[in-house]
Amino acid sequence: MNSFSSSIARSIWIVSILLLSQSDLSNGTEVDTFGFGESLTIVSPNYPNNYPNNVNTQWLVSGPADYQIMAVFSTFDLEDFLDILRIGSGLDPDDTASLLATLSGSSLPGIIVSNSKEMWLAFKSDVSNTELGFRMNIEVYTPGNYTDNMTASSSSRDNTFISSSAGKNRILIMNL
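Taking mature numbering (1 follows the signal peptide of the UniProt record, and there is no 0), I'd label the letters of the sequence shown as residues -28 to -1, 1 to 148.
Below is the structure:
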């Protein structure tokens, strides 16, 4: 997986379908594109070891038109009340109306589904204790095809794109 510097984008326009390609925009945000048949795994910085103190990281996930984004957790352990993962629909973590979940502690969250083809994640840790962190699979699905029994990984998919950023912002674009 290669990394390029890029700027934070409030909207992402996909002009062509790319497979594991990356864009270079300009100031510290990393942009990664992945395609159909690949699953996206997002992990906390330093996972599977404890995440560091003072982390402030965001992921912006954009899928194809007419799809929604789904996050399924396999691991979740954050310092209770002090280290927080927030998840929302769209690409603006500052938009409080888009917030879907505020997560902390060690209870494994249920499946979280965006209201659109985009999802943002914002992780912040404080200056004291750290824990294992989190690991989640991200997939797109067509609205109306989601059930509570759905899982985010498929045995036919063996390409996994893992994203872990410590202090960097990351834009993840999924193409079909």
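Backbone N, C-alpha and C define an ideal beta-carbon position, used for all residues, glycine too.
All figures in this text were calculated on a predicted structure; none of them were measured in a lab.
Less than 8 Å separates the beta-carbon of ASN25 from that of VAL99.
Setting aside the 5 residues that flank it on each side, GLY77 is surrounded in the same chain by ASP52, each with a C-beta closer than 6 Å to its C-beta; the list follows chain order.
Here the alpha carbons of GLY60 and LEU72 stand approximately 5 Å from one another.
In this structure, ASP66 keeps its C-beta atom at 8 Å or more from the C-beta atom of LEU104. A distance of 8 Å or more separates the beta carbons of LEU57 and LEU80. Distance from the CA atom of ILE83 to the CA atom of VAL112, rounded to whole angstroms, is 13 Å. In this structure, ALA37 places its C-beta atom within 8 Å of the C-beta atom of LYS89.
Cβ contact annotation for GLN40 (same chain, cutoff 8 Å, sequence separation greater than five): VAL85, SER86, ASN87, SER88, LYS89, VAL112, TYR113, THR114, PRO115 and TYR118, in chain order.
The C-beta distance from ASN109 to THR13 rounds to 6 Å, short enough to fall under 8 Å. In the DSSP annotation of this structure, the continuous segment of the beta strand (DSSP E) that includes PHE106 starts and ends at 105 to 113. The beta carbon of LEU54 is closer than 6 Å to those of ASP98 in its chain, skipping five residues each way along the sequence.
PRO20 sits exposed, since fewer than 16 C-beta atoms from the chains shown fall within 10 Å of its C-beta. The straight-line gap separating the alpha-carbon atoms of PHE95 and SER16 is approximately 8 Å.
If you check the CB distance, SER34 and LEU75 do not come in under 8 Å. For PHE53, no beta strand (DSSP E) segment is defined, and its DSSP state is neither H nor E.
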